[in-house]
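Residue numbers (the UniProt record's numbering), protein chains in the order written: chain U, 1 to 279; chain Z, 1 to 406.
First comes the structure, then the notes that go with it.
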């Protein structure tokens with residue numbers, strides 16, 4: 001079985017452009033609106049979707065994503081409903097890869113085996129679980145890989161050459177390079193540092209390398225897209241959702257449109273970037 | 001839980017991955033992994049370095065005031081009419097609680113690692129004060145994250161920290177208590193990995209913290225064990241301590257774990273009662289989950305979202321517990337029981353009047369358990385309880401509840 005993920009990255013490589021990987025929070029601010037956002041993402045030029053699973057204690061996220069998670073939980077979002085989002089989305093789109101992103105505890109409580117099965121049935125392609133480093137691979141990574149889910153790992157500037165092989169060992173789908181130390185949504189890093197880091201990771205793996213944390217504009221996306229196989233945008237998209245809500249945090253007629261307009265801009269940036277000299 | 005074979009020793013944990021049975025581990029973002037591994041390596045070296053150990057012991061003696069006394073509470077014993085009650089007087093330490101034992105140890109480690117900035121989380125403010133104290137003593141800048149609710153109910157400690165030169169950052173996320181402060185401290189650490197040392201205040205978090213904090217606090221139990229042998233010529237029948245994250249408790253318990261005759265009791269905050277969510281009894285009323293770097297008993301809902309909990313005592317107001325306690329519970333070596341807010345409050349007042357000791361609200365929970373247990377025990381039996389902190393910080397909270405404006 002060729003995965004949706006591999007197919008998508010192969011296609012982009014053939015087109016000679018990087019991927020636009022877009023994150024949004026499942027259930028923010030309510031189920032229907034976030035389903036609308038999810039459907040709008042590929043139409044607006046997103047190549048891969050990261051679907052955020054809300055958690056009460058998101059230790060590695062900045063205030064923007066924390067608040068989105070709180071809105072989603074307040075709106076009644078659960079892990080089961082986040083899987084429903086993917087299932088509903090798949091009714092009309094069976095090509096765009098979906099990666100679930102979040103923290104381990106809700107999955108642990110749901111039950112790892114049941115989660116892996118249900119995620120596959122819902123049309124999930126991969127997982128990014130922030131608080132499961134390679135040292136914890138027995139928990140979820142190994143069972144997920146065995147059933148055909150990708151397990152995408154974060155690497156950071158603190159991941160040195162000695163540690164990189166450990167981190168990459170059970171990674172599949174793509175490698176997510178967090179371009180700076182810190183929580184999501186902090187300031188934009190230096191792009192020349194990024195190309196060096198991407199090259200360093202690529203010397204250890206054939207997987208595509210996507211770079212995230214800090215991308216806010218089409219120009220950022222273009223600059224990073226020139227140095228990587230993909231550009232991950234999260235906080236800036238979630239900020240679009242937040243900015244469109246009423247004072248009580250409810251969705252408005254503009255919510256989905258705000259996201260899709262913004263993503264369209266990013267897609268233009270990404271599409272004007274060229275892949276670094278194909279190896 | 002399945003029957004686990006009884007280990008040869010209860011004191012050999014955790015394993016090299018930081019696990020106590022299924023509990024513990026290293027559930028952290030990749031950004032932190034290299035730091036945690038570095039910390040573990042440095043801790044292994046320091047542990048076996050006589051120079052480090054000597055410096056730790058010297059500061060223990062001359063700065064903290066160790067050993068803390070073991071005190072026979074004669075009037076409380078008479079009043080209850082049962083077992084003889086001894087208190088390990090950790091409230092007499094510099095800064096007024098056991099927290100300083102761990103802070104001195106960790107700041108020596110931070111110094112050894114060349115870190116130049118200290119961050120800490122605090123609930124009641126006792127750990128924040130202890131962290132600010134050692135940071136002042138070693139000339140390092142210190143940032144303390146504290147839930148906004150706690151900042152309000154522990155104003156004297158906030159002022160103490162500021163006097164000591166620390167920056168106190170109120171955390172408004174969530175319900176503004178210890179768990180939220182810990183999230184924020186972890187975010188700071190993820191952002192400032194190069195120069196910053198995260199001084200965790202309890203025996204929880206990712207490996208090696210639960211082990212390391214326990215080892216720095218185990219001085220409590222080691223001294224107490226020698227002192228009771230000296231005073232009574234035998235070991236106590238029961239040791240009791242209050243458990244929030246559980247550092248004072250594991251510090252007392254650990255040296256007694258292999259003494260089969262010694263019953264071990266941890267006291268959780270029962271808040272307004274175990275029905276509903278107005279308590280912090282992670283073991284008695286929670287279930288295993290993963291938070292703040294470790295697997296342990298947590299207060300959580302069916303979706304794995306962490307609940308806020310409640311306790312009259314800010315220091316126990318945490319929805320988790322150190323992983324070693326979870327393990328000791330599951331293998332049956334220790335027993336964990338809840339004490340309600342009102343029982344702790346009564347114990348607070350009783351001890352103050354009978355012994356002239358104003359206890360903190362945290363150990364007041366342990367005192368309440370002593371009050372329940374001692375009368376049912378024989379006069380030849382012994383209870384040893386950790387009086388982990390003094391109550392000066394709590395008089396405002398207590399005054400408010402008793403209707404006395406201060």
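By construction, the Cβ of each residue, glycine as well, lies at the ideal position given by its N, Cα and C atoms.
As the structure is a computational prediction, the values presented were derived from the model and not from experiment.
Within 10 angstroms of the beta-carbon of residue 315(Z) lie 16 or more other beta-carbons, which makes it buried. Interface residue (Cβ-Cβ distance to chain Z less than 8 Å): residue 55(U) is classified as such. Residue 47(U) has its alpha-carbon roughly 12 Å from the corresponding atom of residue 6(U).
A contact is defined here as three or more CB-CB pairs under 8 Å, and the region 291-299 of chain Z meets this definition with respect to the region 321-330 of chain Z. In the three-state scheme derived from DSSP, where H, G and I count as helix and E and B as strand, residue 231(Z) is classed as helix. Take the alpha-carbon of residue 377(Z) and the one of residue 97(Z): they are about 29 Å apart. Relative to residue 44(Z), the option among 266(Z), 293(Z), 207(Z) whose CA is nearest is 207(Z). Counting of Cβ neighbours within 10 angstroms places residue 199(U) among the exposed residues, the total staying below 16. Counting only residues of its own chain and dropping the five nearest sequence neighbours on each side, residue 75(Z) has a CB closer than 7 Å to the CB of 354, 355.
Apart from sequence neighbours up to five positions away, the residues of its chain that approach residue 55(U) with a beta-carbon distance below 8 Å are 69, 102, 103, 105, 106, ordered along the chain.
About 7 Å separates the CB atoms of residue 306(Z) and residue 179(Z); that is less than 8 Å, so the two are in contact.
Listed as beta-bridge partners of residue 167(Z) by DSSP are 143(Z). With contacts defined by Cβ atoms closer than 8 Å, residue 238(U) and residue 128(U) do not form a contacting pair.
Put simply, the CB of residue 30(Z) is near chain U, with a gap under 8 Å to one of its CB atoms. Excluding five sequence positions before and after residue 168(U), the CB atoms of its chain that fall closer than 6 Å to its own CB belong to 204, 205, given in chain order. Here residue 142(U) is exposed. Its C-beta has fewer than 16 other C-beta atoms within 10 Å. Within the same chain, 154, 157 come within 6 Å of residue 125(Z) by CB-CB distance, once the 5 residues on both sides are set aside. Counting C-beta pairs closer than 8 Å gives three or more between the region 187-207 of chain Z and the region 234-250 of chain Z, which meets the contact rule.
Three or more beta-carbon pairs separated by less than 8 Å are not found between the region 11-30 of chain U and the region 87-94 of chain U, which leaves the two stretches without contact. Residue 385(Z) is bridged by DSSP to 87(Z), 240(Z). When the Cα atoms are used, residue 207(U) and residue 82(U) turn out to be separated by approximately 27 Å. As computed with DSSP, residue 295(Z) is found in a beta bridge with 24(Z), 290(Z). Residue 20(U): member of the beta strand (DSSP E) spanning 19-25, first to last residue. The alpha-carbon separation between residue 318(Z) and residue 175(Z) amounts to approximately 11 Å. Judged by beta-carbon spacing, residue 286(Z) lies beyond the 8 Å limit of residue 334(Z), meaning their Cβ atoms are not closer than that value. For residue 108(U), the C-beta contacts it makes with chain Z under 7 Å involve 289, 290, 304, in order along the chain. Nearest C-alpha to residue 10(Z) among 212(Z), 256(Z), 222(Z), 239(Z): 256(Z). Distance check between residue 172(Z) and each of 185(Z), 60(Z), 162(Z), 165(Z) places 185(Z) closest, using alpha-carbon atoms only. Rounded to the nearest angstrom, the gap between the Cα atoms of residue 263(Z) and residue 51(Z) is 36 Å.
Minimum Cα-Cα distance from residue 215(U) among the listed residues 20(U), 9(U), 4(U) corresponds to 20(U). Fewer than three beta-carbon pairs drawn from the region 265-285 of chain Z and the region 113-123 of chain U are found closer than 8 Å, and the two stretches are therefore not classed as touching.
Across the structure, residue 194(U) and residue 251(U) are spaced so that their CA atoms are roughly 36 Å apart.
Around residue 35(Z), the beta-carbon contacts reaching into chain U at under 9 Å are 158. Residues of the region 125-143 of chain U with a C-beta less than 7 Å from any C-beta of chain Z: 130, 131, 132, 133, 135, 136, listed in chain order. Residue 121(Z) is positioned such that its CB atom lies closer than 8 Å to that of residue 181(Z).
As the crow flies, the alpha-carbon of residue 116(Z) is around 30 Å from that of residue 15(Z).
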